[in-house]
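2 protein chains.
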Amino acid sequence: MSSRNNRATGQQSSAGRSSVPQKVGSTRTLLTVKGDDGQVLSRVRRTVLPGGLRVVTEQMAGVRSACIGVWVGVGSRDETPALHGASHFLEHLLFKGTRERSAMDISVALDAVGGEFNAFTAKEYTCFHARVLDHDLPLAVDVIGDMITNSQLTSEDVEAERDVILDEIAMHDDDPDDVVHNLFAEQAYGDTPLGRPIAGTEASITALTRAQISRFYKHHYRAANMVVAVAGNLDHAAVVRDVRKAFGRNGFLRGDDLPRSPKISAVSRKLRPGTITATRALEQVNVVLGVNGVTRSDERRFALGVLNTAIGGGTSSRLFQEVREHRGLAYSVFSFASHHADAGMVGVSVGCLPDKLDQVLDVVRDELRKVALDGITAEELERGKGQLRGGLVLGLEDSGSRMSRIGKAELVHDELLSIDEVLARIDGVTLDDVRTLAAELFAQPEVLAIVGP
Amino acid sequence: MSSRNNRATGQQSSAGRSSVPQKVGSTRTLLTVKGDDGQVLSRVRRTVLPGGLRVVTEQMAGVRSACIGVWVGVGSRDETPALHGASHFLEHLLFKGTRERSAMDISVALDAVGGEFNAFTAKEYTCFHARVLDHDLPLAVDVIGDMITNSQLTSEDVEAERDVILDEIAMHDDDPDDVVHNLFAEQAYGDTPLGRPIAGTEASITALTRAQISRFYKHHYRAANMVVAVAGNLDHAAVVRDVRKAFGRNGFLRGDDLPRSPKISAVSRKLRPGTITATRALEQVNVVLGVNGVTRSDERRFALGVLNTAIGGGTSSRLFQEVREHRGLAYSVFSFASHHADAGMVGVSVGCLPDKLDQVLDVVRDELRKVALDGITAEELERGKGQLRGGLVLGLEDSGSRMSRIGKAELVHDELLSIDEVLARIDGVTLDDVRTLAAELFAQPEVLAIVGP
Numbered sequence: 001m002s003s004r005n006n007r008a009t010g011q012q013s014s015a016g017r018s019s020v021p022q023k024v025g026s027t028r029t030l031l032t033v034k035g036d037d038g039q040v041l042s043r044v045r046r047t048v049l050p051g052g053l054r055v056v057t058e059q060m061a062g063v064r065s066a067c068i069g070v071w072v073g074v075g076s077r078d079e080t081p082a083l084h085g086a087s088h089f090l091e092h093l094l095f096k097g098t099r100e101r102s103a104m105d106i107s108v109a110l111d112a113v114g115g116e117f118n119a120f121t122a123k124e125y126t127c128f129h130a131r132v133l134d135h136d137l138p139l140a141v142d143v144i145g146d147m148i149t150n151s152q153l154t155s156e157d158v159e160a161e162r163d164v165i166l167d168e169i170a171m172h173d174d175d176p177d178d179v180v181h182n183l184f185a186e187q188a189y190g191d192t193p194l195g196r197p198i199a200g201t202e203a204s205i206t207a208l209t210r211a212q213i214s215r216f217y218k219h220h221y222r223a224a225n226m227v228v229a230v231a232g233n234l235d236h237a238a239v240v241r242d243v244r245k246a247f248g249r250n251g252f253l254r255g256d257d258l259p260r261s262p263k264i265s266a267v268s269r270k271l272r273p274g275t276i277t278a279t280r281a282l283e284q285v286n287v288v289l290g291v292n293g294v295t296r297s298d299e300r301r302f303a304l305g306v307l308n309t310a311i312g313g314g315t316s317s318r319l320f321q322e323v324r325e326h327r328g329l330a331y332s333v334f335s336f337a338s339h340h341a342d343a344g345m346v347g348v349s350v351g352c353l354p355d356k357l358d359q360v361l362d363v364v365r366d367e368l369r370k371v372a373l374d375g376i377t378a379e380e381l382e383r384g385k386g387q388l389r390g391g392l393v394l395g396l397e398d399s400g401s402r403m404s405r406i407g408k409a410e411l412v413h414d415e416l417l418s419i420d421e422v423l424a425r426i427d428g429v430t431l432d433d434v435r436t437l438a439a440e441l442f443a444q445p446e447v448l449a450i451v452g453p
Numbered sequence: 001m002s003s004r005n006n007r008a009t010g011q012q013s014s015a016g017r018s019s020v021p022q023k024v025g026s027t028r029t030l031l032t033v034k035g036d037d038g039q040v041l042s043r044v045r046r047t048v049l050p051g052g053l054r055v056v057t058e059q060m061a062g063v064r065s066a067c068i069g070v071w072v073g074v075g076s077r078d079e080t081p082a083l084h085g086a087s088h089f090l091e092h093l094l095f096k097g098t099r100e101r102s103a104m105d106i107s108v109a110l111d112a113v114g115g116e117f118n119a120f121t122a123k124e125y126t127c128f129h130a131r132v133l134d135h136d137l138p139l140a141v142d143v144i145g146d147m148i149t150n151s152q153l154t155s156e157d158v159e160a161e162r163d164v165i166l167d168e169i170a171m172h173d174d175d176p177d178d179v180v181h182n183l184f185a186e187q188a189y190g191d192t193p194l195g196r197p198i199a200g201t202e203a204s205i206t207a208l209t210r211a212q213i214s215r216f217y218k219h220h221y222r223a224a225n226m227v228v229a230v231a232g233n234l235d236h237a238a239v240v241r242d243v244r245k246a247f248g249r250n251g252f253l254r255g256d257d258l259p260r261s262p263k264i265s266a267v268s269r270k271l272r273p274g275t276i277t278a279t280r281a282l283e284q285v286n287v288v289l290g291v292n293g294v295t296r297s298d299e300r301r302f303a304l305g306v307l308n309t310a311i312g313g314g315t316s317s318r319l320f321q322e323v324r325e326h327r328g329l330a331y332s333v334f335s336f337a338s339h340h341a342d343a344g345m346v347g348v349s350v351g352c353l354p355d356k357l358d359q360v361l362d363v364v365r366d367e368l369r370k371v372a373l374d375g376i377t378a379e380e381l382e383r384g385k386g387q388l389r390g391g392l393v394l395g396l397e398d399s400g401s402r403m404s405r406i407g408k409a410e411l412v413h414d415e416l417l418s419i420d421e422v423l424a425r426i427d428g429v430t431l432d433d434v435r436t437l438a439a440e441l442f443a444q445p446e447v448l449a450i451v452g453p
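Chains as they are written, first to last, in this note's numbering: chain A, 1 to 453; chain B, 1 to 453.
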């Protein structure tokens, strides 16, 4: 199963630092955003429940929906080789039934009200999320709470779901984009949790036992390792009440554990340079070319945002212009930056016809070399900032992206920045910041993954 | 380039029928939705400009963004074999430069404000759309108006973009899902415009000349064949003023043409039964199995919506339960209904491992046979209605989906239903409606498309 300008955000009083340890039973207002006329547009609050479960809500003006996401601090990088794929397997199994609800009951509950209900597993976290009309929020909280705290993991369900996951892995193997990104991770991080595919392999999924998955569930699905994030038309106290009830099953909300601190690392794990290829009977060649980037907590991430935008973040970017507009070499070409607690990468993704590969690689490397030497122009700096500003504000209009922002901030960052603070940090990026960073990043040896005929 | 309940909708005064002919210069309020306290939550208005250009806006309370879409009544089904792919080729070319703006100017304009800016081509229409912060709307209107009325289509641009499109076609050829759907259309509609892939083929794209595309542009991109739809935080009169200026280039808004009427057909074109296969070196087999459905204007589309939901519209649906939950035969299985002016289809899409294909097809056919014999249960009827209600309201919270709703309604439907009217029609669906429709649809011979090893 699978985020304005100042006018738009209004006045903000920020108290964003969500530093730990947090006292059990405490409730705190992390952010308040008021409109020009003084009414509250948005308010972010956090309560810590017994067991260390954090409930973070954002009350949004003008919407009639609500989105809940339960963020669990476990993902594929927490897996030993023997447990490879366990996080994702477990995510699937939590939909298969609890002591109170069958798999069909779980499906019916949110289908019947038209809710969007799904989950996804990443390298550093797993998220169960639902978007519903505001008055159906208590239902959504109850269903997800039941799944998280009360799942059965029967042997029959493990066997049926094993087949479903093997089919999912086969589907990813048929998607050239998934294949090239998995291949890149394999080259960059080797045989480590960060280098292995999230869903596991045919061999690892076939080998996993119910007992292993059950132990993994008990070990990682603890209240202190979890954040319940809710955004939309809501009342914080009511949400806390609902969460207390829904997650109170089986003594889940007991004990004096403090919320687990986010993993923060100043040291960046290095990518292993080199080229890796896979042969597939495809029309196109799919390529990812990358170098070390910056970690999630690195302040240079804002400068990297601007740099990434200038290199390949839009249709006015250097790569789009040089590769597609001027030369017609590819339909899809863009750059991206990804961040982990202790690693990061910046890369370029492109798909082209096989006979254009050399030319595409020449153009891409040439553009990276130019930006490493000369940085970006003042015009690109301003455009990049505008693009990040507008994209940030446009991307936070719906309850789903607000939920993700506060949930992820609580689980994996050491602070929740207000939108105005993020905008200020973007505005603070200088030409020198970008030039220094580009020179450092693109002087590194490349990691190259190629999939094609 | 690439694509509630009463409480939530408030009180609606509906005057939705957008029947033609519409007088040039006229402005009409099509819908007004008020909240419980009497304030206007949403208002849909339409003005017809000289030349027959329709401007439809929906003013939304509580958002700070706006989304514009220019809907042009031309798509791949308007193409002769010699023009196959011309609609999509032209869509690409309109981004390549006008007499006032270079391709780079076009890209820079919306990138610099963080706007989302793209276009897509379908079988019956082409849409150019942008989502921006409300104060950037005049800029977005100006850029798109310039592209639509003032593009150059230079020979150099035609050649460069030809390569980009060939690369896009190769990308689609590598996507199992695109391949199986194109194959299904080929079997169902044969060598007709509806049966051919939207982007064209390598041969047709290689053969298209600048002169052909230019004639196609002049013929189809006329004011009367176009709807400008805008939703978000806006003022209708201001939008009409901006559109008048942006689209007033080159005498575009001249003449007494009335808006072109939507193509409505009571007669449904029949799918050609049979099986079509394509061999690819894939891990999975991808299958689409379908029969004739109903046209876009057919009142039975609401009953079909409920039926489709019960068969394969969610995780509680029969197919998800039988194929995935109970038997673990596939990761992805769902049903869908698609509608054209004079054709429609209802089908099932599934991807599975090759050795499970026969079993999957048995289960799917068995479920369709059962629903043809016995219809659905009262519980499924209620759940299906709830699912459509919730999905409808949740799906209309953002300016983009509102823009699409009013734009498409004006271009291809004969009426704009208020949300409450749609909800009433959903509520009006009976068990008998669904049973009668299921018996009729699933007694028809099937069209089957299979792609795999």
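Beta carbons: idealized from backbone N, C-alpha and C, even for Gly.
Chain-ordered chain B contacts of residue i [CB-CB under 7 angstroms]
{"i": "Cys352 (chain A)", "result": "Asp167"}
{"i": "Met171 (chain A)", "result": "Gln284, Tyr331, Ser332 and Gly351"}
{"i": "Val113 (chain A)", "result": "Gly386 and Gly390"}
{"i": "Met147 (chain A)", "result": "What Met147 (chain A) touches in chain B: nothing, since even the nearest Cβ is about 13 angstroms away."}
{"i": "Val164 (chain A)", "result": "Arg324, Gly328 and Tyr331"}
{"i": "Ala61 (chain A)", "result": "Gly62"}
Residue i, enclosing beta strand (DSSP E) - first and last residue
{"i": "Val243 (chain B)", "result": "Note, Val243 (chain B): premise wrong, no beta strand (DSSP E); alpha helix (DSSP H) at His236 to Ala246."}
{"i": "Gly375 (chain B)", "result": "Run containing Gly375 (chain B): none; DSSP gives neither H nor E here."}
{"i": "Glu116 (chain A)", "result": "Glu116 to Thr121"}
{"i": "Ile450 (chain A)", "result": "Val447 to Gly452"}
Endpoints, the alpha helix (DSSP H) within which residue i is located
{"i": "Asn308 (chain A)", "result": "Arg301 to Gly312"}
{"i": "Arg405 (chain A)", "result": "Ser399 to Val412"}
{"i": "Ser335 (chain A)", "result": "Run containing Ser335 (chain A): none in the alpha helix (DSSP H); it sits in the beta strand (DSSP E), Ser332 to His339."}
{"i": "Thr462 (chain A)", "result": "Residue 462 (chain A) falls outside the range modelled here, since chain A spans only 1 to 453, and no answer is possible."}
Any chain B beta carbon closer than 8 angstroms to residue i
{"i": "Val288 (chain A)", "result": "no"}
{"i": "Glu116 (chain A)", "result": "yes"}
{"i": "Gln11 (chain A)", "result": "Residue placement at Gln11 (chain A) is flagged as unreliable, the pLDDT there being 39, under the threshold of 50; the coordinate-derived value follows with that caveat. Chain B, which has no Cβ nearer than 8 angstroms to the Cβ of Gln11 (chain A), makes this no."}
{"i": "Ser107 (chain A)", "result": "yes"}
{"i": "Arg249 (chain A)", "result": "no"}
{"i": "Gln321 (chain A)", "result": "yes"}
{"i": "Asn6 (chain A)", "result": "Annotation note: pLDDT 29 at Asn6 (chain A) (below 50); position unreliable, coordinate value reported separately. Taking Cβ atoms only, chain B never reaches closer than 8 angstroms to Asn6 (chain A), which makes this a no."}
Proximal residues of chain A, C-beta to C-beta of residue i below 7 angstroms
{"i": "Glu161 (chain B)", "result": "Gly328"}
{"i": "Ser65 (chain B)", "result": "Leu394 and Glu397"}
Residues that residue i contacts on chain A, provided the C-beta gap is smaller than 9 angstroms
{"i": "Pro176 (chain B)", "result": "Met171, Asp174 and Asp175"}
Any C-beta of chain A under 8 angstroms from that of residue i
{"i": "Arg301 (chain B)", "result": "no"}
{"i": "Ser418 (chain B)", "result": "no"}
{"i": "Met104 (chain B)", "result": "yes"}
{"i": "Arg383 (chain B)", "result": "yes"}
{"i": "Val346 (chain B)", "result": "no"}
{"i": "Thr315 (chain B)", "result": "yes"}
{"i": "Ala281 (chain B)", "result": "yes"}
{"i": "Glu156 (chain B)", "result": "no"}
Kindly provide the ranges of any beta strand (DSSP E) runs that are 3 or more residues long and lie completely inside the segment 22-70 of chain A, ordered along the chain. 27-34, 40-48 and 54-60
Between the segment 138-150 of chain B and the segment 106-119 of chain B, can you find at least three pairs of beta-carbon atoms closer than 8 angstroms? yes
Which complete beta strand (DSSP E) runs does the segment 177-234 of chain B hold, if anything under 3 residues is left out? Taking only runs of at least 3 residues, the beta strand (DSSP E) segments lying wholly in the segment 177-234 of chain B are 226-232.
Quick one: any contact between the segment 220-239 of chain A and the segment 191-208 of chain A, if contact means 3 or more CB pairs under 8 angstroms? no
Decide yes or no for the touch test of the segment 392-399 of chain B against the segment 316-330 of chain B: beta carbon pairs closer than 8 angstroms, at least 3 of them. no
Would the segment 58-66 of chain A and the segment 210-224 of chain A be scored as touching if the rule is three or more Cβ pairs under 8 angstroms? Segments in contact, no.
Do the segment 291-303 of chain A and the segment 335-347 of chain A make contact, defined as three or more Cβ pairs closer than 8 angstroms? yes
Only counting runs of 3 or more residues, tell me where the beta strand (DSSP E) segments fall wholly within the segment 102-179 of chain B, in order along the chain. 116-121 and 126-133
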